[in-house]
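The structure under discussion appears below in the form of structure tokens.
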Amino acid sequence: MSEHDTPRPDTPAAQPSTGRDEPRTAVAEHPAPATTKPAPAKPTPKNLPPYRVLLHDDDINDMLYVTATLMELTSLGKERSLMVMMEAHQSGVALVLVTHKERAELFQEQFQCKGLTVSIEPAEA
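Quick note: the sequence shown uses numbering that gives the first Met the number 0, first residue 0, plus one each step.
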């Protein structure tokens, strides 16, 4: 036998015989490729209709309190919060943000708990 014909140690032919007829386990040299099913396509969620969150002016709350509350409840920075507060003060109402209905309702409740008047309405698409 040449060097290339020598059985590998993990094959049954390379294992020493015990003189008894024992069943031997065969070892597959190359495992069969695993069959995988493609993952089902994820359904794309429909975009939820947008709603506007509107801040209304009032004569009760201090301008700094309104600005601080805008910063606390939203992701608006100080400059943008000041602009929204001033617009509401000067024109009576200002757009705070646009989001889906459930979140807009949550913002409305949070602002009302802080004593501010906020309304929501559907935004035009």
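Note that beta-carbon positions come from the ideal geometry of N, C-alpha and C, so glycine has one too.
Look at Thr98 here: in three-state DSSP terms it is strand.
Contact check for Gln107 against Val65 fails: the beta carbons are separated by 8 Å or more. At the C-beta level, Tyr50 and Lys113 stay beyond 8 Å of one another.
In chain order, His55, Asp57 place their CB closer than 7 Å to the CB of Thr116, counting only its own chain and leaving out the 5 sequence neighbours on each side. Within the region 71-120, the complete alpha helix (DSSP H) runs of at least 4 residues fall at 77-90, 100-112. For the pair Glu78 and Val92, the Cα-to-Cα distance works out to about 18 Å.
Taking all protein chains in view, the Cβ of Leu63 is surrounded by fewer than 16 other Cβ atoms within 10 Å, so the residue is classified as exposed.
In the three-state DSSP reduction, Leu69 falls in the helix class (H, G or I). Distances from the alpha-carbon of Val95 to those of Asp61, Gln109, Leu47, Thr73 put Thr73 closest. No residue range can be given for Leu47, since it is assigned to no beta strand (DSSP E) and is classified by DSSP as neither H nor E. A straight-line Cα-Cα distance of about 21 Å links Pro121 and Leu75.
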